[in-house]
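Per mature numbering (1 follows the signal peptide of the UniProt record, and there is no 0), the sequence shown runs over residues -21 to -1, 1 to 633. The beta carbon of each residue, even a glycine, is placed where N, CA and C say it ideally should be.
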Amino acid sequence: MQVAVALGVVVACVLVATGSGENATQPNRILFLAPISSKSHKNFYIGLAEGLADRGSQVTLVSPFRPSKIRENVREILVPGASLHNYIPNLFKGKTTGPMALMSAAPTLCSEALGKEEVQALLKEEFDVVLISVFISHCFLSIVHKMQVPFIWVSPAGPLSVTDHMIGNPAFPSFTGFTLLEAKHPLSFTERAISAFGDTFSAVMMNNYIVSWMDDVCRSRGLCPDDMPSLVEMQFGASLCIQNHVRTLDNPARPLVPNAVSVGGIHCRPAQPLPQDLEEWVQGAGEDGFIFFSLGSAVVPSDMPEEYRQVLVKVFGSLKQRVLWKWDQEDMPDLPPNVRLGKWLPQQDILGHASLRLFMTHGGQLSTMESTYHGIPVLGFPVMGDQHTNMVQVAREGWGKVIFWDQLSEEVLTEGIRSVMDDQSMRQEAKRRSRVMKDQPQPAGEVASYWVNYVIRHKGAPHLRSPVVAMAWYQVYNVDVWMTAAAVAIGITYLLVKLLAEARPQGSFASRSSVATPLALLALFLLVLGGLLFYFTRLLVLGGLLPLLDCLFVLANLLVLADLLVLVDLLGFANLLVLADLLGFANLLVLANLLVLADLLMLANLLVLADLLGPCTSSHKPDFPDWLVFVLIAVLASCYGLHVARPCDHQLSN
């Protein structure tokens, strides 16, 4: 009997510990939709899926590539025909051929992938959250609508202009630059203009053309129900945007909203031993080491013009290092003996090899991230898209160089290879960046898993979303406020100028005295404006809201004071010119009043400035009361006004 009771207790403890039974905790069910992508993008998606699966989630990954069989709790569904490689047949033909062809095909391509039987069958299953690739997959938001679950954008290319727009992340083209703009800081006026217009154009193009077109095609095929909001509207409802991005490597640093989750290098891993035959070939290079040349998965190497290939072959053959070349064909004519070809090569294992001296790359986001992770200097040969930006950034940061294809020659290539391999500072900078990338509080997979589960726990976590997604662009940048302020300023200026023009003296005492009105109004307006400016400036300082800018406020006050005094002097000079032919007591009285206002402006500024100088020299808050400043000004104004008015009244009475 005692044995039976003890056994029952043990079984109960096991049930509680394992969470089995009716109250068992089920693994989170995650649907990951990446139906339109490249092979390199899938590497990032696989890394993300592994990171989620290793922490207990059940992941279903939809992609256009053959399943990789990476984990038992990762199910892969093949959607054939949606590979980006079908729409970029020869990237060497031009920078815009591939992307433009892809954008034109995007609406149809997306709807065709959505209509696949394998995808529609997913609607019969239940999921807790949906992850969607940002690359022309917006029509898959119809699945989100039908399942009524939160969704998350996934960007394998890191922060982009379009992703910033979709999650309401503050976009500052003035220093972060447009996605396809040459990356450097600071940007010139022309570059800032290009960046601003490029950023705006990409947002307008995506919303008003591509996504709207996707919406039309999706509805026409019956894949998007009539009661569903437009795709343009739905894209702003994401709970998160998971990005292939390392915040600590941003240069320049960029702001990110709370629901922009950086998991840069989630697909990166320590190097594993090379296959035996490849390891033997690498070891044969001796102390000279070897060079790895790869143009990624999107570019077909054999598509390159023959003159480019010949330059590469001649220069590679002249090197003392061995060269490992990723090539899509079995053989190559006139191949030098120190060069080895390979259709598929374990890139991360190669990049982490101790004998590697240089990585020659197209500069894709994932290859750039992997070279950073392994601390290898690079020589870039960008072909399309963000590759140009990535490689120019690498050159600017000092851990590689870039050679553009139209500049390729034997001399340029030889000098580029030698300069990168011989420059120890580049290798040291690459190693430093590798240490920075790896020095993170949590592994990227753990970060991704935490935030995805956070969204599930908090029913979409709407509190993380930026309010910018629900605001008009002119509200975000306060364009309406500044235009209103400008209109008021222009209106006041216009009225004052008009009053001055209409009040031109005609010879009578009454008409001559009318000159005083606009000048007095202008002086009074300046006095009130100056007082308000200084008052609110002082409130900010007293409140401790801007303690780091106290000295800047003092400088601003000095500049405003100088402007006001100059303006008052100009008004006095104008009045003297009028008095030269009028010599009336009314104008003398106006001049006296203007001088009083000038003195009061000076006194007000000196009082406030004396009070503001305190924070620049001391950490104590100024103890000079605000109300006392204005009381003193009012008292002094009254006394001075009476003092000046008395003789004038006496003269007028005579």
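Which stretch, first to last residue, makes up the alpha helix (DSSP H) that contains residue i?
{"i": "Q366", "result": "Q366 to E376"}
{"i": "K18", "result": "K18 to A32"}
{"i": "I221", "result": "Taken as a continuous stretch (DSSP letters only), I221 belongs to no alpha helix (DSSP H), being part of the beta strand (DSSP E) at L219 to Q222."}
{"i": "W260", "result": "Q255 to Q262"}
{"i": "L210", "result": "L210 to M213"}
{"i": "K125", "result": "L120 to M126"}
{"i": "K293", "result": "E285 to G296"}
{"i": "V98", "result": "E96 to Q99"}
Quick check on this structure: which residue in the options has the alpha carbon closest to the alpha carbon of residue i?
{"i": "T39", "options": "G296, R54, N238 and I189", "result": "R54"}
{"i": "V113", "options": "K299, L219 and N52", "result": "L219"}
{"i": "T169", "options": "D143, A182, V183 and F154", "result": "F154"}
{"i": "E286", "options": "V415, W384, P422 and K438", "result": "W384"}
{"i": "P6", "options": "P237, S83, V108 and A85", "result": "V108"}
{"i": "V415", "options": "V455, F215 and H353", "result": "H353"}
{"i": "V455", "options": "G147, V391 and V381", "result": "G147"}
{"i": "W260", "options": "W430, H367 and L335", "result": "L335"}
Using the beta-carbon count (16 or more within 10 Å), is residue i buried or exposed?
{"i": "D365", "result": "buried"}
{"i": "S404", "result": "exposed"}
{"i": "G26", "result": "buried"}
{"i": "W323", "result": "exposed"}
{"i": "E349", "result": "buried"}
{"i": "S16", "result": "buried"}
{"i": "S273", "result": "buried"}
{"i": "F176", "result": "exposed"}
{"i": "T87", "result": "exposed"}
{"i": "M450", "result": "exposed"}
{"i": "V460", "result": "exposed"}
{"i": "Y24", "result": "buried"}
{"i": "T351", "result": "buried"}
{"i": "S428", "result": "buried"}
{"i": "R301", "result": "buried"}
{"i": "T142", "result": "buried"}
{"i": "P165", "result": "exposed"}
My output table needs one value for residue i: the three-state DSSP class, helix, strand or coil.
{"i": "L40", "result": "strand"}
{"i": "K380", "result": "strand"}
{"i": "C247", "result": "coil"}
{"i": "V357", "result": "strand"}
{"i": "F552", "result": "Low confidence applies to F552: its pLDDT is 44, below 50, so where it sits in the model is not reliable, and the reading given next is rough at best. F552 falls in the helix class under three-state DSSP."}
{"i": "C203", "result": "coil"}
{"i": "E104", "result": "coil"}
{"i": "L12", "result": "strand"}
{"i": "L320", "result": "strand"}
{"i": "I469", "result": "helix"}
{"i": "I435", "result": "helix"}
{"i": "R414", "result": "helix"}
{"i": "E266", "result": "helix"}
{"i": "E51", "result": "coil"}
{"i": "R397", "result": "helix"}
{"i": "L345", "result": "helix"}
{"i": "F168", "result": "helix"}
{"i": "L139", "result": "coil"}
{"i": "S174", "result": "helix"}
{"i": "V225", "result": "coil"}
Between which two residues does the beta strand (DSSP E) carrying residue i extend?
{"i": "T340", "result": "L335 to T340"}
{"i": "R444", "result": "Unbroken run through R444: none, as it is neither H nor E."}
{"i": "S241", "result": "A239 to S241"}
{"i": "residue 651", "result": "Because the chain spans -21 through 633 in this model, residue 651 falls outside it and cannot be assessed."}
{"i": "I131", "result": "F130 to S134"}
Taking the C-alpha atoms as reference points, what is the distance between residue i and residue j?
{"i": "S36", "j": "S445", "result": "27 Å"}
{"i": "A333", "j": "Q251", "result": "12 Å"}
{"i": "H246", "j": "S413", "result": "15 Å"}
{"i": "A13", "j": "P254", "result": "31 Å"}
{"i": "I122", "j": "G331", "result": "41 Å"}
{"i": "P129", "j": "V58", "result": "23 Å"}
{"i": "S42", "j": "E97", "result": "11 Å"}
{"i": "Q419", "j": "D205", "result": "46 Å"}
{"i": "D307", "j": "I270", "result": "18 Å"}
{"i": "A264", "j": "G244", "result": "30 Å"}
{"i": "P280", "j": "F295", "result": "16 Å"}
{"i": "L202", "j": "M185", "result": "20 Å"}
{"i": "W378", "j": "L358", "result": "9 Å"}
{"i": "R226", "j": "G30", "result": "19 Å"}
{"i": "V33", "j": "E425", "result": "For clarity, residue 33 is Asp in the given sequence; the question names Val instead. Computed Cα separation, rounded: 9 Å."}
{"i": "V458", "j": "T340", "result": "43 Å"}
{"i": "W452", "j": "S388", "result": "47 Å"}
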